[in-house]
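Chemist:
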Amino acid sequence: MPKRATIQYRECKADGALHGTDLKTRLVDVLRRRSHSHRIGENARLRAIDLDGDGSHVVLNKVSSPATWDGPVFCGQIIHLRAGADVQAVLQSLDDDTDEFLVQNIDVGQGARIVRGVLYFAVHRNHVGLIESAAVRASVLERYFTALFRQAGELHPGQRIVLLARFSAAGEKGLSEIGDLSLSARPRYRNDAGPYPMDDLFRRPAGEARDTGATIFDVLRLMGWQDDALARLLAEVPDGGRVEGLLKVFVKDRRRTVRIPRAAIDEALRNVDPADLGLHGDGREQGGMVKLSVVRDIAAEGSLLDPTDAMLRIVEALREWAAAGKIDCRFEDQRPLH
Numbered sequence: 012m013p014k015r016a017t018i019q020y021r022e023c024k025a026d027g028a029l030h031g032t033d034l035k036t037r038l039v040d041v042l043r044r045r046s047h048s049h050r051i052g053e054n055a056r057l058r059a060i061d062l063d064g065d066g067s068h069v070v071l072n073k074v075s076s077p078a079t080w081d082g083p084v085f086c087g088q089i090i091h092l093r094a095g096a097d098v099q100a101v102l103q104s105l106d107d108d109t110d111e112f113l114v115q116n117i118d119v120g121q122g123a124r125i126v127r128g129v130l131y132f133a134v135h136r137n138h139v140g141l142i143e144s145a146a147v148r149a150s151v152l153e154r155y156f157t158a159l160f161r162q163a164g165e166l167h168p169g170q171r172i173v174l175l176a177r178f179s180a181a182g183e184k185g186l187s188e189i190g191d192l193s194l195s196a197r198p199r200y201r202n203d204a205g206p207y208p209m210d211d212l213f214r215r216p217a218g219e220a221r222d223t224g225a226t227i228f229d230v231l232r233l234m235g236w237q238d239d240a241l242a243r244l245l246a247e248v249p250d251g252g253r254v255e256g257l258l259k260v261f262v263k264d265r266r267r268t269v270r271i272p273r274a275a276i277d278e279a280l281r282n283v284d285p286a287d288l289g290l291h292g293d294g295r296e297q298g299g300m301v302k303l304s305v306v307r308d309i310a311a312e313g314s315l316l317d318p319t320d321a322m323l324r325i326v327e328a329l330r331e332w333a334a335a336g337k338i339d340c341r342f343e344d345q346r347p348l349h
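Just so you know, we're using this note's numbering here: the sequence shown kicks off at 12 and counts up by one.
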């Protein structure tokens, strides 16, 4: 049964970190190297990286056939695995008549690793198409590429891979530069649990912020509000009420407002939901903004997308965007992916 999935466009910003080559070329070069008597691209164990230092691992798992790596596109599947054999689950059917559903611990085996989420991607030069999952966002792919290249000696400490988003307004007419921008924080409801600790606020990937925090109280805390002041503010909120906030960002040179180029917005806000973003300049973009993306039907088995079909649909999207002039790349080589 096919599933609908959103294919996003990203562009790699290397800033010389990849020594003049593009992302696809350097990725293939690293995967062809040998480590512990195996080629990295032929042994998934060598591609497992503990990004968070918590025993979970991000793995470049399924990749396109090595015979195609000299072609225009490299495709892959990123999976995020967590340690632990116990999973909480409800085994009953939701159609059962019962006064309550029993939540049980299921032991899936001591050697098992639980899949947090899966991401599919295709790379052509510095152009990336990807399908995110709720748990594995583009920010994880950035961090994985950065860690992989650092292990291979291709990046120095402080250098990193950045996958720019491309924002567009409704009707494809966007501002080339911005005077100021506004960012919405999630409301802080009266009956919410307590705020996230400060250290956790800085550790969370930006791509997760919308679902796991980033309330207006988080923003106020970053601006220097103390916990007692936040508690007094919350006490003024009636039951069922909420505190909302809008953060306005602009650049000043003494008393003069400096225009912000569009490219800076695409980089800095690449992992922000466009619905939370407003741009203001000689005009206004708000409410209708989207990241360059397209929705496709992809073959699936249960909740899992078919990896081969997912990668093919991503490459199709890249080709369509290129043909329409939305991205600056060419696909001269038509050889298959597999």
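Beta carbons are placed, not taken as given, at the ideal position from N, Cα and C, and that holds for glycine. Note that the coordinates shown come from a computational prediction; the quantities given were computed from them, not determined experimentally.
Hey, how far is the Cα of D284 from the Cα of A123?
Modeler: Approximately 34 Å, taken between the alpha carbons.
Chemist: Specify the secondary structure class of K35 as computed by DSSP and reduced to three states.
Modeler: K35 falls in the helix class under three-state DSSP.
Chemist: Which residues mark the beginning and the end of the beta strand (DSSP E) in which S150 is found?
Modeler: No beta strand (DSSP E) contains S150, which is instead part of the alpha helix (DSSP H) from 149-162.
Chemist: So which of N137, V114, L159 has the shortest CA-CA distance to A333?
Modeler: Checked all of N137, V114, L159; the closest Cα to A333 is N137.
Chemist: What did DSSP end up calling G52 once you bin it into helix, strand or coil?
Modeler: Here G52 sits in helix by DSSP.
Chemist: Would you decide whether W80 is buried or exposed? Buried here means 16 or more other CB atoms lie within 10 Å of its CB.
Modeler: W80 comes out buried.
Chemist: Taking 7 Å as the limit between beta carbons, can you name the residues of its chain near K35, skipping five residues before and five after?
Modeler: So the list reads F85, V134, H135, R136, once near-sequence residues are dropped.
Chemist: Would you report the Cα separation of D107 and V101, rounded to the nearest angstrom?
Modeler: C-alpha separation (whole angstroms): 12 Å.
Chemist: Express the C-alpha separation of V306 and L316 in angstroms, rounding to a whole number.
Modeler: Going from the Cα of L316 to the Cα of V306 covers about 14 Å.
Chemist: L92 and A55: beta carbons closer than 9 Å?
Modeler: No, they are not a contact pair.
Chemist: For E296 and G289, which I take to be in contact (beta-carbon distance under 8 Å), what is that distance rounded to the nearest angstrom?
Modeler: Right, the Cβ-Cβ distance comes to about 7 Å (below 8 Å), so this counts as a contact.
Chemist: Given 8 Å as the limit, is there contact between the region 252-260 and the region 146-157, that is, 3 or more CB pairs closer than that?
Modeler: With the cut-off at 8 Å, the region 252-260 and the region 146-157 do not touch.
Chemist: Using only alpha-carbon positions, find the residue among A311, I51, A286, H291 that is nearest to V301.
Modeler: The option with the nearest alpha carbon to V301 is A286.
Chemist: Going by other Cβ atoms of all chains shown within 10 Å of its Cβ, with 16 needed for buried, is D65 buried or exposed?
Modeler: Under this definition D65 is an exposed residue.
Chemist: In three-state terms, what does DSSP make of F178?
Modeler: Looking at F178 - three-state DSSP - the assignment turns out to be strand.
Chemist: Could you check which residue in E312, S179, L329, L244 has the C-alpha nearest to that of R281?
Modeler: The shortest Cα separation from R281 among E312, S179, L329, L244 belongs to S179.
Chemist: Which residues does DSSP list as the beta-bridge partners of C340?
Modeler: Per DSSP, none; premise fails for C340.
Chemist: On the premise that G140 lies in contact with L329, defined as a C-beta separation below 8 Å, what is that separation, rounded to the nearest angstrom?
Modeler: With a Cβ gap of about 5 Å, L329 and G140 count as contacting.
Chemist: Rounded to the nearest angstrom, what separates R154 and E247 at their Cα positions?
Modeler: The straight-line gap from Cα to Cα measures roughly 41 Å.
Chemist: Considering only residues of the same chain and omitting the five flanking positions on each side of I90, which have a CB-CB separation below 7 Å?
Modeler: These residues qualify, in order along the chain: V70, N72, V126, V129.
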